[in-house]
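What follows is a single structure, written as structure tokens, with notes after it.
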Amino acid sequence: AQSVAQPEDQVNVAEGNPLTVKCTYSVSGNPYLFWYVQYPNRGLQFLLKYITGDNLVKGSYGFEAEFNKSQTSFHLKKPSALVSDSALYFCAVRDIGGGNEKLTFGTGTRLTIIP
Amino acid sequence: DVKVTQSSRYLVKRTGEKVFLECVQDMDHENMFWYRQDPGLGLRLIYFSYDVKMKEKGDIPEGYSVSREKKERFSLILESASTNQTSMYLCASSPHRAASLIEKLFFGSGTQLSVL
Numbered sequence: 008a009q010s011v012a013q014p015e016d017q018v019n020v021a022e023g024n025p026l027t028v029k030c031t032y033s034v035s036g037n038p039y040l041f042w043y044v045q046y047p048n049r050g051l052q053f054l055l056k057y058i059t060g061d062n063l064v065k066g067s068y069g070f071e072a073e074f075n076k077s078q079t080s081f082h083l084k085k086p087s088a089l090v091s092d093s094a095l096y097f098c099a100v101r102d103i104g105g106g107n108e109k110l111t112f113g114t115g116t117r118l119t120i121i122p
Numbered sequence: 607d608v609k610v611t612q613s614s615r616y617l618v619k620r621t622g623e624k625v626f627l628e629c630v631q632d633m634d635h636e637n638m639f640w641y642r643q644d645p646g647l648g649l650r651l652i653y654f655s656y657d658v659k660m661k662e663k664g665d666i667p668e669g670y671s672v673s674r675e676k677k678e679r680f681s682l683i684l685e686s687a688s689t690n691q692t693s694m695y696l697c698a699s700s701p702h703r704a705a706s707l708i709e710k711l712f713f714g715s716g717t718q719l720s721v722l
């Protein structure tokens, strides 16, 4: 069965510092990987996705993520954090060819940017 | 921009009541989804639909049913609400069934349901 793990419930970063939100996945086939962000009292918004091709994916609001097949990871990164980046971040995976093509979400990581 | 509208932001119901959660999307999307979001559990798929009058079970369908009579509207029904159904419910849509694997989801703002 496919799964995705976000090992950190909470990440705190000082404004202006680089940030990383970690995500690892487990699939039997090939993964399609997604990051979503949820601001307070809002639904989820799409940030970026990896389908195929370049392992470094760029997305909205200056975020990027690197697909690492050998480490089964898809960490979200940003070179310089803003206070407005404070939100709840979800990683999600689809297992292509694994017999279950539903989108499976991680448990979420709350990112707090400290001014 | 795509708009996915959920009829209520907050809802309080009593145990045993029948509850309807409504979701409407305005961009002629084929695919619609209902998730519930719980702290520490992330999002879990309840039901989804790729077409009018079509529905498929997600990972946690027990205690829920859905209705899709029109393409733009997808309703989640709690036949007899229970306290363990207290949760944030999120509706989502995506454009095309054929590309559903790679397309992003567009989410509504959510309905926080409390069952007392």
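Residue numbers (the numbering used here), protein chains in the order written: chain A, 8 to 122; chain B, 607 to 722. Here a beta-carbon is modelled for each residue, glycine too, at the ideal position from N, C-alpha and C.
Could you check how far apart the C-beta atoms of residue 610/B and residue 687/B are, in whole angstroms? I think they sit under 8 Å.
The sequence position of residue 610/B within the second sequence is 4, counting from 1. The sequence position of residue 687/B within the second sequence is 81, counting from 1. Not confirmed; about 23 Å, so no contact.
According to DSSP, simplified to helix, strand and coil, what is residue 643/B?
Counting from 1 along the second sequence, the entry for residue 643/B is found at position 37. Strand, per DSSP.
Cβ contact (3+ pairs, closer than 8 Å) linking the region 33–45 of chain A and the region 13–24 of chain A:
Under the Cβ criterion (8 Å, minimum of three pairs), the region 33–45 of chain A does not count as touching the region 13–24 of chain A.
So, are the CB atoms of residue 71/A and residue 56/A less than 9 Å apart?
For the purposes of this step, residue 71/A is identified with residue 64 of the first sequence, where counting begins at 1. For the purposes of this step, residue 56/A is identified with residue 49 of the first sequence, where counting begins at 1. Annotated as distal: residue 71/A and residue 56/A, with beta-carbon spacing of 9 Å or more.
Return the chain-ordered list of same chain residues with a C-beta closer than 8 Å to the C-beta of residue 620/B, the five sequence neighbours on each side being excluded.
If you number the second sequence from 1, residue 620/B lands on position 14. So the list reads 687, 721 and 722, once near-sequence residues are dropped.
Who are the Cβ neighbours of residue 709/B in its own chain at under 7 Å, not counting the five residues just before and after it?
By 1-based counting over the second sequence, the position of residue 709/B is 103. Here the set comprises 700, 701 and 702.
What do you get for residue 636/B, buried or exposed, if any count of 16 or more other CB atoms within 10 angstroms of its CB means buried?
By 1-based counting over the second sequence, the position of residue 636/B is 30. By the C-beta density criterion, residue 636/B is buried, having at least 16 other C-beta atoms within 10 angstroms.
From this set, 685/B, 668/B, 690/B and 711/B, which residue's C-alpha is nearest residue 697/B's C-alpha?
Here the question's residue 697/B lines up with position 91 in the second sequence. Minimum Cα-Cα distance from residue 697/B among the listed residues 685/B, 668/B, 690/B and 711/B corresponds to 711/B.
Counting pairs of beta carbons, one from the region 40–54 of chain A and one from the region 712–719 of chain B, are three or more of them closer than 8 Å?
In the pairwise beta carbon analysis, the region 40–54 of chain A is classified as touching the region 712–719 of chain B: at least three pairs are separated by under 8 Å.
If residue 114/A and residue 646/B are in contact, beta carbons under 8 Å, what's the gap, nearest whole angstrom?
For the purposes of this step, residue 114/A is identified with residue 107 of the first sequence, where counting begins at 1. For the purposes of this step, residue 646/B is identified with residue 40 of the second sequence, where counting begins at 1. That belief holds up - the Cβ atoms of residue 114/A and residue 646/B are roughly 6 Å apart, short of 8 Å.
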